[in-house]
Every structure is written in structure tokens, then in C-alpha cells.
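Down below is the structure, laid out as C-alpha cells.
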Amino acid sequence: MAPTPANLTMDSIRKLLIVAAVSTLGLALVVVVLPSMLSNYVLGIGTIVLFTIPGAVALNIVFGLCGQISAGNAAFLAIGAFIAAGMTHTWPDTPTILVLLAAASIGAIAGVLVGAPAVRVRGLLLLVSTLAIHFIVLYLTERYQKNEVGQAGFLLPQFDILGWQPLRTIEWFKTFGVFAILSLLVMGAFRYSRLGRSWLAIRENETAAEVLGVRLMRAKLLAFVISSALIAVQGALFAYYVGILQYETFAFDMVIQYIAIVIIGGLGSIPGTVVGATLVVSLPYLLRSLSENLKGSDGIAGFVDDNIFNIQRFTYGALIVVFLLFFPDGIESIVRRVWQWLLGLFRGRGDDPVAPSEPAEVGA
Amino acid sequence: MLGGTYTLLALAWVVIYQGTRVLNFSIGDFMLYGALLVSTLSLSGLAYIPVLIIALLLVGVIGSFVYLSVIRPLTGRDMFSTAVLAIGVSIMLSAVASMAWGPELRTLPRPLGDRTISILGTPAGVYSVVNLVVALLAVGLLTLFFKRVRVGLLMRAAAENPLLASQRGVNIFLVFAGVWFLSGVLASLAGISYATTSIVSPTLTQLALRGLAPALLGGFRSIGGATIGAFFIALVETLGVRAFGGASQDAVVFAVLLLVIAVRPSGLAVRGDARRV
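The listed protein sequences derive, respectively, from chains Z and U. Just so you know, we're using my numbering here: the first sequence kicks off at 1 and counts up by one. Just so you know, we're using my numbering here: the second sequence kicks off at 1001 and counts up by one.
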């Protein structure tokens, strides 16, 4: 496994070039190409997709790479958002960059507090304690909002980093686009680092990882803390984006969405995260346009119209179940399978080799 | 009163986890279905007791169905997958429930009326007493069931060592389906007994999540531990609500849960083996 130093550097230079090329391409796509191509409606959906990606990346680091499930997405998002709201409410002139830094550091500290007890032991305690923190944070943010500003919610000032002041959807699209790409780069950087390899080792077999010298608690805690800090920054950005912040936004259904994204995208898959986020976020819009097309046939359309929210929830649940049962490696494995099948057709049957690069069985 | 509901809930979590190693997040939906079925069936003119029995059995069947259809194919995969799968199932069940029954709040019939009885001089609502009695009865019956009844023994054997049990001719999948049936019955009993004194609403599922606290406090393995945990959590919740107001019940219970995880993840009742959950 261990590459010699020589080919390691060759390899890493090649990888670095690929990463640089892909991220420049992505950056050009979200900042220049897509905004000029897409209609306002699609751009609006795209903004939410791009906003969602960092949170999905964060969960994918903990769950996909390190194999520990967390239900903390909504809670840490709320922590970040309410730090932004609280800071700008108390000191109206706080520069945005300072708010984001504060969100990251407080998110990380909260991550240590929640994660440290839970990752000491194996199993599902992280899931249970993040579930607990979800409801605690929900209660605290509710109390804080009601005490400070009442039911209406916090008003946020204009987002401003070095004079960049996004106001319209198109500008927020670019802002979230840059942040999404940064977060994907973070995930990529960790995935191929020493720490990332420790995470994969823990995911595949904790005992074996420990025997190989991985410091379990430290590696797991780092994964969780990096992820909470990332989500908290995402939350602060969210607060600026919505402009009026209310605690009701951070419901448990949000957690389900992020879990669905990671399951659909595939554990640890970077392109899968993007595809999964796109699918899960645009699903409600697809359903809505579907129900508008059904308008002619009154019986079903009425039902769909009345239950659009429940149908959406049902579909998220069904997607999680179907992917776990039939495509545990996510959408990437489907693409790979179809690709292999097409190659097989092209070459003719018979000499169709089993894909050598099949991803490792999850949790085997 | 709350203690009884928590006991049943904690038992539902523990039975399914001990039996099949699944942290079953659809327990809240089993609760909800139990209560909703009673409210619908009692409109059909049937007497209360048959309604109750049919509802409990139906939810049990739903439990077995969930196990056989989606959980069983994942046998052998890690418990992260099955927990997430159960979350997916839970979302599907609750979406179906609100599509079928609609958003309105319902009340359940109270065949015993609103009488109060006095126990040792303190007046108590008759349903609080019924709730408690049902829960303690369930504890007793379950203990007997797992110690004396053949099916209960089979469940323990299959949970202890599935391979060995299947070698001895036990149909372990059938036994595990039975475990899910049992847990479904316990959860719906919790849902019905709780909703009889308050209302049927989708927030029952949050109560089920709080039921994790007594289960964990009791070490997630023993019936006795879960029972003690349930009464402790009920007490803490009551005190918390008195101190911080009704909206704080989730926060208080989950804070205790976090504290347990931080201090003693293996639970207070048993020693050793922290790998349980």
C-alpha cells in the first residue's frame, strides 16, 4: 500500500493538478457560466443546492469517511445561525468575516463538548447524543429568540466581505457556490490525507484500525469537530442569506434531508455529495411542478396538492430505504455499473471483466 | 403517569435492540399508529376491548412487516446502516399516517370516564393509575415471558447467538419478526395509554425519542434497568417542567441523556461492556 516517496510526489503533483483544474472549472461554472445561463427560478433552486452542499460535505466526513452517524446537522446549523444573529444583534457593527470565524470556532468547541463523550465508545452513541443536542439547541434558540426579539425573529445586517455585498439571488448563488467549492476541497484534502486514511480504516474495521496505530478517539473526534465547524459557518451564512432568522427553521426533517443526501450520494463520495444534494433539494420543486401538470385530473391532483409536504417526506424516506437496500454505495456505484455495462456492450459479451475498481463494501 | 409511558417505551427500545441489534427509530410511529387505530376503530361501533386488541395486534403486524421487508435483508450489515434504515422507515410511516389521518388532533375514548381514585389519601386520575398498572403488568409479563415461555427463551437464544440458534433448528428470522411484533405492541400500548389522557398528535414521536433516555439509563439491556430509568426520567422531566415551563421537556430529558453518555455510557444499572449502543 505505502507508495515510495518518489511516486508519492509524482502522484500528488498529478492529483494536485487535477484538483486545481476541477475546482477552477467548478468555480468558473458557478460564478460565470451558470448565472448567465439559468432562469431566475432555477437559479433560486441552485442557490439552495449550493447552500446545502457544505452541510452534506460535513456529514459525509463524519458518516461517509469515518463511519459514525450524526444527527447534528440542524443543531449545528442553528448554532452557527444564532451566533451570527446574536453577535450582530448585540454589536451591530461586527464585520461579517469576524462573525464567520466566531461561528467556526464556537461550532468546533460545541463539537468537542458533544462529540468527546460519545466517541469514547463504539457504536451509535454519537447518533444518540447528536439527537439529544438537536432538541436542546432547538429549545435554547427558542428561548433566546423569544427573550431578545420575540416571535418575529432576528434581523440580520447586510453580508459584507471585502466589499462583496450579495443582495440578489444571483449574487447569493455565487457566494454559496464559492463556499460549496471550498468545502468540497476541504473534504478532498482530508480524504487523501493521513487523517482521511485513518477515518476510512475506522469505517471499515475499528479494531483493525486501532491495531494499525490509528488513535481512534482523536481521529473520530477530529472528524466530528471539523464537520461541526463547517456546519456552523454554513449556518452563519444562512442567517445572512435569509435576513430574518427564526428558530422554527431548524426542524428534525432537515437532519433527514442531509442523511438522505449522503446515502444517495454514496458514503465518502465527493461527486456523489453534489449529485445527492441536487436531487434532494430539487425534489420538492419537481413534485410541485408535477402536481401542477396533474391539474387536469382532479382526484389525484387534489390529493397531491394537499399532501405535497407528506409526499416529499415519504419520498426522502423511501430514497433512504431503497438506496440502503439496493445501492449501498450510492449513486456513484450506479453510474459505475451502467458505465461497465455500456463498456461490456461495446466490447461484446464474454470478455467483460469484473470492475477492478469496485468500491469497498460499506461496513463489511 | 409519565413513568408508565416511559417504561413501556423504554421496553420497546430495549426489546428490539437486545433482540435484533437495531436502534429502531420507528418506535414513535408504532406509538402513533396504535393511538390512531384506536381512534378510528372505536368510531366503527366495536366495543373498547376488541378495538384495543385489534389495534395492538395490527401495530405488531406492522412491526413484523417492517422487519421482514426491509430490516432482514440488511442482516449482517453494521448497525449504522440499520439505524439509518429505521430512520427512513420512520419518515415513510409518519408521512403515510398524516396522509391517511390528516393533520387534525384526536382524542381517544375513555371508557372509564374521568373519575379520580384516592390512593393513600392522594387523589389520582383513573387513567394515570391504569397507565401505571398496565406498565408494571407489562414488566412482569415480559420478565416471565423471557424466563419461562418457550418463545421468549427462543428470542433470547436467537439474540445471544443467531448462528447457533439456527443450527439447532430455530427459524431465527421468524423469531426476530416476533421480537418486532412484541416491540410494536409495547410501543402502541405506550402510545394508546399516553394519548388517552392527552391527545393524539404527531408529536408522540418526540416522546418516543425521549424514551431513549430511560433505555440508555438502564443500560439498554435489562427490563428492570429500563423500568427504574423510566421512573427516574419521568421524575426529572416533571421537575424540569415545573422549573422551566412546559416547552422545556425535550431539553431537560435530552440533557440528562447527554449527561449519562458523558458520565457513564454503559448506563447506571449494569457494570462493564460499554459497547451496547
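Ideal Cβ positions, reconstructed from N, Cα and C, are used throughout, including at glycine.
- Under DSSP, residue 1125 of chain U takes part in a beta bridge, and its partners are U:1116.
- Residue 245 of chain Z is bridged by DSSP to Z:154.
- When DSSP states are grouped into helix, strand and coil, residue 112 of chain Z belongs to the helix group.
- Residue 35 of chain Z and residue 1171 of chain U have their C-alpha atoms roughly 60 Å apart.
- For the pair residue 92 of chain Z and residue 156 of chain Z, the Cα-to-Cα distance works out to about 9 Å.
- As summarised for the segment 206-267 of chain Z, the continuous alpha helix (DSSP H) elements at least 4 residues long and confined to that stretch are 206-211, 216-242, 252-265, given in chain order.
- Residue 1256 of chain U places its beta carbon less than 7 Å from that of residue 1236 of chain U.
- In this structure, Z:269 is the residue among Z:287, Z:289, Z:269 with its C-alpha nearest to the C-alpha of residue 328 of chain Z.
- Taking C-beta atoms as the reference points, residue 85 of chain Z and residue 190 of chain Z fail to come closer than 7 Å.
- The beta-carbon separation of residue 67 of chain Z and residue 231 of chain Z, rounded to 18 Å, does not stay under the 8 Å limit for a contact.
- For a Cβ distance threshold of 8 Å, residue set 1070, 1085, 1088, 1089, 1092 of chain U lies close to residue 321 of chain Z, ordered along the chain.
- Fully contained in the segment 279-341 of chain Z are the following alpha helix (DSSP H) runs of length 4 or more, in chain order: 298-306, 308-326.
- With a threshold of 16 other beta carbon atoms within 10 Å, residue 158 of chain Z falls short and is exposed.
- For residue 164 of chain Z, DSSP records a beta bridge to Z:161.
- Around the Cβ of residue 1044 of chain U, a 10 Å sphere holds fewer than 16 other Cβ atoms; the residue is exposed.
- Contact annotation for residue 314 of chain Z against chain U: 1091, 1092, 1095, 1096, 1099 [CB-CB distance below 8 Å, chain order].
- In chain order, 1214, 1217 place their CB closer than 8 Å to the CB of residue 1232 of chain U, counting only its own chain and leaving out the 5 sequence neighbours on each side.
- Contact between residue 1063 of chain U and residue 1025 of chain U is ruled out by a C-beta separation of about 13 Å, above the 8 Å threshold.
- Neighbours of residue 1248 of chain U in chain Z, taken as residues whose beta carbon is under 9 Å from its own, are 139, 143 in chain order.
- For residue 1025 of chain U, not one C-beta of chain Z is nearer than 7 Å to its own C-beta.
- Under the 7 Å criterion on CB atoms, residue 1137 of chain U is classed as non-interfacial with respect to chain Z.
- Along the segment 59-73 of chain Z, going in chain order, the ones with a CB nearer than 9 Å to a CB of chain U are 63, 67, 68, 69, 71.
- For residue 1254 of chain U, the nearest beta carbon of chain Z is closer than 7 Å to its own beta carbon.
- DSSP places residue 1203 of chain U outside any alpha helix (DSSP H), giving it a letter other than H or E.
- When C-alpha distances from residue 87 of chain Z are compared across Z:204, Z:59, Z:20, Z:99, the shortest belongs to Z:99.
- Comparing alpha-carbon positions, the option among Z:37, Z:60, Z:321 lying closest to residue 187 of chain Z turns out to be Z:60.
- With contacts defined as CB atoms closer than 7 Å, residue 267 of chain Z and residue 81 of chain Z fail to qualify as a contacting pair.
- In the three-state DSSP reduction, residue 1106 of chain U falls in the strand class (E or B).
- Residue 1162 of chain U is outside the set of residues whose beta carbon lies under 7 Å from a beta carbon in chain Z.
- Of all C-beta pairs linking the segment 271-281 of chain Z to the segment 329-344 of chain Z, three or more are shorter than 8 Å, placing the two stretches in contact.
- For residue 1094 of chain U, the uninterrupted alpha helix (DSSP H) run begins and ends at 1079-1101, by DSSP.
- The Cβ of residue 1064 of chain U sits no closer than 7 Å to any Cβ of chain Z.
- For a cut-off of 8 Å, the C-beta gap from residue 261 of chain Z to residue 276 of chain Z is around 4 Å, short enough to register as a contact.
- Using beta-carbon distances, residue 1202 of chain U does not count as an interface residue toward chain Z, since no partner is under 7 Å.
- Taking the beta carbon of residue 1016 of chain U as reference, no residue of chain Z falls within 7 Å; the closest one sits roughly 13 Å away.
- For a Cβ distance threshold of 8 Å, residue set 1023, 1079, 1080, 1083, 1277 of chain U lies close to residue 124 of chain Z, ordered along the chain.
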